[in-house]
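Keeping their order, the protein sequence lines are chains A and B.
Per UniProt numbering, numbering through the first sequence is continuous, rising by one, with the last residue being 220.
Per UniProt numbering, numbering through the second sequence is continuous, rising by one, with the last residue being 220.
Quick reminder that beta carbons are idealized off the backbone N, C-alpha and C, glycines included.
Working notes, structure below.
Number of protein chains: 2
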Amino acid sequence: MLYYGYWRSSAAWRCRIAFNLKKIAPEFVAVHLTRDGGAQRTEEFRVINPQKRVPALDLNGAVLTQSLAIIEWLEETIPEPALLPDDPWSRAQVRAFALAIACDIHPLQNLEVQQYLRGKLNLEQSAVSDWLGHWIGNGLLACEALLGSQPSNQAFAFGASPTLADICLAPQLYSAERFGISLNDMPRLRTLGASYADHPAFVDAHAHNQPDSEEWFWGI
Amino acid sequence: MLYYGYWRSSAAWRCRIAFNLKKIAPEFVAVHLTRDGGAQRTEEFRVINPQKRVPALDLNGAVLTQSLAIIEWLEETIPEPALLPDDPWSRAQVRAFALAIACDIHPLQNLEVQQYLRGKLNLEQSAVSDWLGHWIGNGLLACEALLGSQPSNQAFAFGASPTLADICLAPQLYSAERFGISLNDMPRLRTLGASYADHPAFVDAHAHNQPDSEEWFWGI
């Protein structure tokens, strides 16, 4: 199994956490998203994923894209440890939290959008920062509220063990820090961030601990 | 069961198709997204969904948000007719297609983003149209390619009956038309659009056929 990813892609990062939790290690193929216009935009990669995005999973020549689809597939084929609760309503709550990040925060901060804002729209850095602050800040505030009915002493978002919700939140918290978004009003999310920093599957999947990691910088 | 929605919200529309296919009829509560600053932004609605978005499903006071989480919950609690194939790899392909729309197209065209582009960034209509054309046009081209390995004579994206993929595609095709995006290079998507126009569950869920539908217009 081949896994096409990039150290700082939030979506690829989600998959890495899931691989670690499920104790599998697909062979990694680095797709450099920014060098020379982006390896994801080459004809060679377009054949793998017409969306020109990472992650992609190649299983004997058949390709699966989209981080949440990959993780749901892992969940169905390698059930333990479970990344979703047992009962349907709880599963739905975990998925809703994950989707609040994957659909309503991450798509507005990703590389391609930032390139459009800086390139085609010619926005100044301050306007790009306002954009990121708006979508990430308000999005994470909503996430904090979505956890309002959960006991605050849980190590993970929906219980004692990590779920799809945590898998999506961990890279998003990193992006928040990277883009200078304050988590002051989000005590629950800060506590979860501390849990992730202590969990081997999350630490190993961290952007800074990948074979293709580069020196951390704030630009895109 | 209460369903909070809005006639032209793509995400709410997805749920309506799923309700129809599963033959349930939750009581509808209209949330007008544009009148008086948007009913989704009131304190009253924030208690229902801190994301200030539709759809939301209220089941005896417990609330579930996010269209794909709602539909996966329906799939798990009302299995027939199935909206996902049986085998895990095929399920993943359907989910990947749905997510390519729900994560990579729709979030960049939705009302809140357009309001930001026009309001905070003060973009002219032509620049907003370019933005929509870029994300919707390229996104749907990728969707066309993602269906490349599917037989072209299927009535629906992944077979003879509708799946989560079709549920996400139908409202997105409407948005493409609304925003003037050409589907000339997407023969497969055009054929699928014709299937939806013929299927009662899709017709009944159409934006124009809702209790809160307003005269169709191109603005936001």
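**Request:** Give me the Cα-Cα distance between L121/A and S126/B, rounded to the nearest whole angstrom.
**Result:** One C-alpha to the other measures close to 12 Å.
**Prompt:** Hey, out of V29/B, Q93/B and R14/B, whose CA is closest to C143/B's CA?
**Reply:** Cα-wise, what sits closest to C143/B is Q93/B.
**Asked** How is the alpha helix (DSSP H) around F45/B delimited, first residue to last?
**Response** Where F45/B is concerned, the enclosing alpha helix (DSSP H) starts and stops at E43 to I48.
**Message:** Using CA atoms only, rank isn't needed, just tell me which of W7/A, P79/A and F97/A is closest to A56/B.
**Reply:** The alpha carbon of A56/B has as its nearest neighbour, out of W7/A, P79/A and F97/A, the alpha carbon of F97/A.
**Request:** Rounded to whole angstroms, what's the CA-CA distance from L59/A to W89/B? Just pull it up for me.
**Result:** Approximately 10 Å, taken between the alpha carbons.
**Contacts that R91/A makes with chain B (C-beta to C-beta distance below 9 Å)** = Neighbours of R91/A on chain B, chain order: A69, E72, W73 and E76.
**For Y174/B, the three-state DSSP class (helix, strand or coil)** = Reduced to three states, the DSSP call for Y174/B is helix.
**Item:** Completely contained beta strand (DSSP E) runs for the UniProt domain "GST N-terminal" (1–82) of chain B, where each covers 3 or more residues
**Value:** Within the UniProt domain "GST N-terminal" (1–82) of chain B, the complete beta strand (DSSP E) segments of 3 residues or longer fall at 2–5, 27–30, 56–59 and 62–65, listed in chain order.
**Request:** Answer yes or no: do A18/B and V31/B have a C-beta to C-beta separation smaller than 8 Å?
**Result:** Note that the C-beta distance between A18/B and V31/B is not below 8 Å.
**Message:** Taking the alpha-carbon of G61/B as reference, which of E76/B, K52/B, C103/B and Y3/B has the nearest alpha-carbon?
**Reply:** Closest by alpha carbon: Y3/B.
**Asked** Is it true that the CB of A165/A sits closer than 8 Å to the CB of L140/A?
**Response** In this structure, L140/A keeps its C-beta atom at 8 Å or more from the C-beta atom of A165/A.
**Prompt:** Could you give the distance in angstroms between the alpha-carbon of N49/A and the alpha-carbon of T65/A?
**Reply:** Approximately 7 Å, taken between the alpha carbons.
**Message:** With a threshold of 8 Å on Cβ separation, who are the neighbours of A197/B within its own chain once the five nearest residues in sequence on each side are excluded?
**Reply:** Answer for A197/B: V203, listed in chain order.
**Request:** Could you tell me which residues DSSP pairs with F156/A in its beta bridges?
**Result:** Note: F156/A sits in a beta bridge opposite G159/A.
**Asked** Over what stretch of residues does the alpha helix (DSSP H) that includes N209/B continue unbroken?
**Response** Taken as a continuous stretch (DSSP letters only), N209/B belongs to no alpha helix (DSSP H), as it is neither H nor E.
**Request:** Spatial neighbours of I24/A within its chain, please: CB distance less than 6 Å, with the 5 preceding and 5 following residues excluded, ordered by chain position.
**Result:** Within the same chain, I24/A has no close Cβ partners at all.
**Item:** Residue nearest to K52/A in terms of C-alpha spacing, selected from D104/B, R35/B and E75/B
**Value:** The alpha carbon of K52/A has as its nearest neighbour, out of D104/B, R35/B and E75/B, the alpha carbon of D104/B.
**Item:** Same chain, Cβ closer than 6 Å to V29/A, five either side skipped, listed in chain order
**Value:** Cβ neighbours of V29/A within its own chain (closer than 6 Å, five residues either side excluded): L2 and Y4.
**Message:** Run through chain A and tell me which residues come within less than 7 Å of Q51/B, C-beta to C-beta.
**Reply:** Contacts between Q51/B and chain A, judged by CB atoms closer than 7 Å, involve A100, D104 and A142 in chain order.
**Message:** Let's test the definition: count the other Cβ atoms within 10 Å of the Cβ of E43/A and tell me whether it reaches 16, buried, or not, exposed.
**Reply:** Exposed, since its Cβ has fewer than 16 Cβ neighbours within 10 Å.
**Message:** Can you tell me whether P171/A is buried or exposed? The criterion is at least 16 other CB atoms within 10 Å of its CB, across all chains shown.
**Reply:** Result: buried.
**Prompt:** Which residues mark the beginning and the end of the alpha helix (DSSP H) in which C143/A is found?
**Reply:** Run containing C143/A: N138 to L146, per the alpha helix (DSSP H) assignment.
**Message:** Taking beta-carbon pairs under 9 Å, can you tell me which members of the stretch 35–48 of chain A lie near chain B?
**Reply:** Along the stretch 35–48 of chain A, going in chain order, the ones with a CB nearer than 9 Å to a CB of chain B are R46.
**Asked** If you drop the 5 nearest sequence neighbours on each side, which residues of the same chain put their C-beta closer than 7 Å to that of G193/A?
**Response** A distance below 7 Å between beta-carbons, with the five flanking residues on each side excluded, links G193/A to the following residues of its chain, in chain order: L173.
**Request:** Look at the alpha carbon of A102/A and the alpha carbon of L68/B, and state the distance between them as a whole number of angstroms.
**Result:** Roughly 11 Å separates the two Cα atoms.
**Asked** Alpha carbon to alpha carbon, how far is L74/A from R118/B?
**Response** Their backbone Cα atoms lie some 41 Å apart in a straight line.
**Request:** Compute the Euclidean distance between the alpha carbons of R8/A and H208/A, then round it to the nearest angstrom.
**Result:** Looking at the backbone, the Cα of R8/A and that of H208/A are separated by about 8 Å.
**Message:** Output needed for V128/B: all residues of its chain with C-beta closer than 7 Å, excluding positions within five of it in sequence on either side, in chain order.
**Reply:** Apart from the 5 residues on each side of it in sequence, V128/B sits with its Cβ closer than 7 Å to the Cβ of Q114, L117 and R118 in its chain, given in chain order.
**Asked** By DSSP, does H199/A sit in helix, in strand, or in coil?
**Response** In the structure shown, the three-state DSSP call for H199/A is coil.
**Request:** Round the Cβ separation of D212/B and Y6/B to the nearest angstrom and send it over; I've been treating them as touching at under 8 Å.
**Result:** Yes, D212/B and Y6/B are in contact; Cβ-Cβ is about 7 Å, under 8 Å.
**Request:** Anything in chain B within Cβ reach of T65/A, meaning under 8 Å, just list it in chain order.
**Result:** Residues of chain B passing the Cβ test: A96, A100 and L146.
**Prompt:** Under three-state DSSP, which class holds L164/B?
**Reply:** In the structure shown, L164/B sits in a helix (DSSP, three-state: H, G or I).
**Message:** Let me make sure I understand the geometry here. Which of S195/A, T34/A and C15/A has the alpha-carbon closest to that of N153/A?
**Reply:** N153/A has its Cα closest to that of S195/A, out of S195/A, T34/A and C15/A.
**Asked** Does any residue of chain B bring its CB to less than 8 Å from the CB of Y116/A?
**Response** Yes, contact with chain B.
**Message:** Can you tell me whether S129/B is helix, strand or coil according to DSSP?
**Reply:** DSSP places S129/B in helix when its eight states are reduced to three.
**Message:** Against chain B, does H134/A count as a neighbour if the rule is that its beta carbon must be under 8 Å from one of theirs?
**Reply:** At least one chain B Cβ lies under 8 Å of H134/A.
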